[in-house]
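Residues 408 to 530, numbered by the numbering used here, are exactly what the sequence shown covers, in order.
Built from N, CA and C at the ideal position, the CB exists for glycine as well.
On a predicted model such as this, the values are computed, not experimentally measured, just so you know.
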Amino acid sequence: MIAFASRTGNVRSIIHRLGLPNVEITEDLMMTEPFFVFTYTDGLGDVPLIVEKFLQNNHSFCKGVIASGNSNFGHSVFCKSADTISRKYHVPIIRKIELRGFPRDYAAIVDQYQNVFEREVSL
Ligand SMILES: Cc1cc2nc3c(=O)[nH]c(=O)nc-3n(C[C@H](O)[C@H](O)[C@H](O)COP(=O)(O)O)c2cc1C
Numbered sequence: 408m409i410a411f412a413s414r415t416g417n418v419r420s421i422i423h424r425l426g427l428p429n430v431e432i433t434e435d436l437m438m439t440e441p442f443f444v445f446t447y448t449d450g451l452g453d454v455p456l457i458v459e460k461f462l463q464n465n466h467s468f469c470k471g472v473i474a475s476g477n478s479n480f481g482h483s484v485f486c487k488s489a490d491t492i493s494r495k496y497h498v499p500i501i502r503k504i505e506l507r508g509f510p511r512d513y514a515a516i517v518d519q520y521q522n523v524f525e526r527e528v529s530l
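Pasting the structure below:
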């Protein structure tokens with residue numbers, strides 16, 4: 408499962424391309440299964456507030472983070488939301504993506520998704 412947040416449509420567009428099970432983050436969303444969180448980056452490298460609140464409630468099921476950002480904001484804050492979530496909740500960074508990304512980004516996410524979630528199912 409991928410729990411995602413999208414403000415201007417880039418993350419949503421990637422989610423549709425991936426074709427993996429997904430759910431949009433809402434204020435009260437409670438997860439009952441493992442997931443990757445997929446977020447955009449706000450402010451100057453910030454985790455969007457709705458994502459931060461969601462993770463406070465659900466981080467125990469979180470297995471990794473994917474972030475979309477815009478490198479025009481500068482190297483030090485590009486997709487920094489992923490670094491913050493990774494450090495705070497001790498989850499791996501699956502991928503940092505420039506805006507809507509490229510086919511190699513989608514392939515990498517699908518590959519990691521299969522690694523993490525198919526292994527869990529088979530154990
Ligand atoms: C107000 C604002 C602040 C942003 N700050 C950052 C930033 O600090 N670092 C970054 O990598 N991207 C930043 N971005 C870019 C977005 O994270 C990027 O466009 C992302 O693809 C948006 O995803 P969405 O269309 O799903 O909302 C910012 C965008 C906006 C509108």
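Nearest CA to the CA of residue i: which residue from the options?
i, options, result
"residue 433", "517, 441, 459", "459"
"residue 449", "491, 435, 471", "491"
"residue 507", "497, 413, 409", "413"
"residue 519", "499, 483, 410", "499"
"residue 487", "509, 515, 454", "454"
"residue 480", "451, 510, 437", "451"
Where does residue i sit, in a helix, a strand or coil, going by DSSP?
i, result
"residue 443", "strand"
"residue 432", "coil"
"residue 474", "strand"
"residue 515", "helix"
"residue 410", "strand"
Nearest chain D C-beta to residue i closer than 9 Å, yes or no?
i, result
"residue 494", "The structure shown contains no chain D, having only a single protein chain."
Since residue i sits in a beta bridge, which residues does DSSP pair it with?
i, result
"residue 500", "472"
"residue 505", "476"
"residue 449", "453"
Residue i and residue j look like a contact to me (Cβ under 8 Å); what is the Cβ gap, rounded to whole Å?
i, j, result
"residue 419", "residue 513", "Their Cβ separation, rounded to whole angstroms, is 14 Å, which puts residue 419 and residue 513 out of contact at 8 Å."
"residue 501", "residue 471", "4 Å"
(request) Determine contact between the stretch 461-468 and the stretch 439-446, defined as no fewer than three beta-carbon pairs at a distance below 8 Å. (result) yes
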